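Novice: Here full-length UniProt numbering is used: position 27 in the sequence shown is 27, and no number is missing along the way.
Glycine included, each C-beta is placed from N, C-alpha and C at the ideal position.
On a predicted model such as this, the values are computed, not experimentally measured, just so you know.
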Amino acid sequence: MVPNTGSYRLANARLHVSLTPGLSAAFDSDGFALADIAVADGKIAGIAEHGRTAVPVDAVDLAGRIILPCFVDCHTHIDKGHIWPRKPNPDGTFMGALNATGADRAARWSAEDVARRMDFSLRSAYAHGTRALRTHLDSVAPQEEISWPVFETMRETWRGRIELQGACLIGIEGVRDRKWFDRLAKRVAAAKGVLGVVTYMVPDLEELLDHVFAQAIKHGLDLDFHADETDDIAAISLKKIAEAALWNGFEGNILVGHCCSLARQPDLNVLDTLDKMAKVGLAVVSLPMCNLYLQDRRGDHTTPRWRGVTLLHEMKARGIPVAVASDNTRDPFYAYGDLDMLEVYRMATRILHFDHPVADWPQAVTATPAKVMRLDGFGTLAAGGDADFVVFKGRSWTELLSRPESDRIVVRGGRAIGRQLPDYAELDGLMVE
Ligand SMILES: [Zn+2]
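#1: Output yes or no for whether 8 Å exceeds the beta carbon distance between Ala-383 and Gly-166.
#2: Would Met-373 be called buried (16 or more neighbouring beta carbons within 10 Å of its own) or exposed?
#3: From this set, Met-315, Leu-292, Leu-312, Leu-311, which residue's C-alpha is nearest Arg-305's C-alpha?
#4: Among all the DSSP beta bridges, which residues are the ones paired with Thr-199?
#5: Spell out a yes or no on whether the stretch 28 to 37 and the stretch 75 to 88 are touching, meaning 3 or more CB-CB pairs, one atom from each, closer than 8 Å.
#6: CB of Asp-327 to nearest heavy atom of ligand 1: below 7 Å?
#7: Looking at ligand 1, does it come within less than 7 Å of Gly-196, judged from the CB to the closest heavy atom?
#8: Please list, in chain order, all residues of the same chain as Arg-415 whose beta carbon is under 7 Å from its beta carbon, the five residues on each side excluded.
#9: Starting from Ala-167, follow its DSSP beta bridges and name the residues at the other end.
#10: Only counting the same chain, and skipping five residues up and downstream in sequence, which positions put a Cβ closer than 6 Å to that of Arg-123?
#11: Which residue marks the beginning of the alpha helix (DSSP H) containing Arg-9, and which one marks its end?
#12: Can you list the beta strand (DSSP E) stretches of 3 or more residues lying completely in the stretch 12 to 53, in chain order?
#13: Arg-52 to Cys-70, Cα distance in whole Å?
#14: Between the Cα of Val-202 and those of Arg-187, Ser-110, Asp-228, spot the shortest distance and give me the residue it belongs to.
#15: Return yes when at least one heavy atom of ligand 1 lies under 7 Å from the C-beta of His-77, else no.
#16: Does ligand 1 have a heavy atom nearer than 7 Å to the CB of His-136?
#17: Determine the DSSP secondary structure at Asp-113, reduced to helix, strand or coil.
Okay, structure coming up:
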């Protein structure tokens with residue numbers, strides 16, 4: 001379907017208006033236009049509305065198949081990935097996940113264990129069409145000394161295939177040990193990483209947040225928070241993060257994940273928080289699959305009654321950048337998943353109503369996370385950009401999002417890649433007691 005020459009023309013492809021900034025064409029109500037794409041030497045040489053210029057006879061006719069830019073997955077945990085067979089979540093709750101993962105980390109996360117599971121995850125993400133990925137790295141002592149060097153090696157190994165970013169992950173209470181936390185911030189800066197913290201309500205939250213911001217400013221780091229991953233309406237650390245950003249005059253990028261409790265709070269409180277978030281330019285990533293799995297899990301075997309996701313529509317309406325991402329894969333925080341961003345988008349469409357209209361929601365897995373991660377040219381299709389895109393069978397949203405699209409074609413640098421997924425059996429040796 002895609003010639004293996006690196007230079008060719010694809011005719012009659014369906015492109016989305018929100019992902020092709022340079023294309024002037026007639027878009028339908030779903031945001032699609034038919035277009036021809038010229039690829040030369042691994043780059044996109046040009047994109048034009050189909051029928052506007054003569055199509056050469058050797059062009060490949062895609063008959064209206066959808067092409068999307070390669071995905072950007074801005075919130076994952078590939079250091080935790082795939083430990084499920086040896087450490088399942090005993091009851092499907094958040095506390096069950098936290099305790100199981102902590103025990104597994106202390107007992108099993110050697111450099112080799114982390115590296116092999118990370119590589120497995122990255123091969124899956126790459127095969128599904130992901131081009132850039134941010135992972136959190138559990139950095140509670142002594143894990144930071146094991147995982148960060150592994151991450152740095154992995155980033156080099158994968159350069160050119162997946163652009164890898166790392167953010168440290170510790171509970172906000174870990175910031176109380178100033179000496180240790182400052183050393184961690186320095187280590188993260190040395191790795192050109194992102195400073196990340198999990199926030200929840202503790203009495204000294206404001207003071208601790210001020211210190212996190214001070215360290216980020218000192219080292220010129222972007223920030224990435226896990227905030228309020230709970231149904232407790234008293235959990236307002238998202239608002240505290242926005243306020244701390246304002247007080248501290250922070251100018252870097254801030255990405256906040258989860259923000260589940262916001263969806264349970266009274267409207268007036270919500271509006272105040274949204275105002276502050278918009279003012280400070282903070283971005284939000286929702287993790288719909290993981291939230292659906294962990295939130296509203298009831299110990300008494302009754303049925304969950306809310307979806308767990310945060311208020312992405314209200315945020316987007318205020319100009320707050322919003323994304324969705326994979327989060328955990330086959331670990332105690334989420335029993336399933338394979339770092340397939342099409343699956344994330346499909347699930348987000350159902351859980352978060354990314355439809356009626358679809359509008360520019362496709363940016364939530366492409367252009368928006370690319371901007372948050374400071375990756376120029378990622379997440380859009382444009383002349384002069386890399387020919388990194390995914391060719392699907394689907395010719396409409398209903399076709400695209402109804403099947404797994406396991407036979408999608410992933411094109412990198414103009415050439416279709418081998419898409420074989422790693423075999424689970426590869427990890428069997430890591431799963432024995
Ligand atoms: Zn997470």
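Specialist: This is what the structure gives:
#1: no
#2: buried
#3: Leu-292
#4: Ala-227
#5: no
#6: yes
#7: no
#8: Asn-4, Gly-6
#9: His-136, Val-194
#10: Pro-422
#11: First-last for Arg-9: 8 to 16, but that is the beta strand (DSSP E), not the alpha helix (DSSP H).
#12: 32 to 40, 43 to 49
#13: 26 Å
#14: Asp-228
#15: yes
#16: yes
#17: helix
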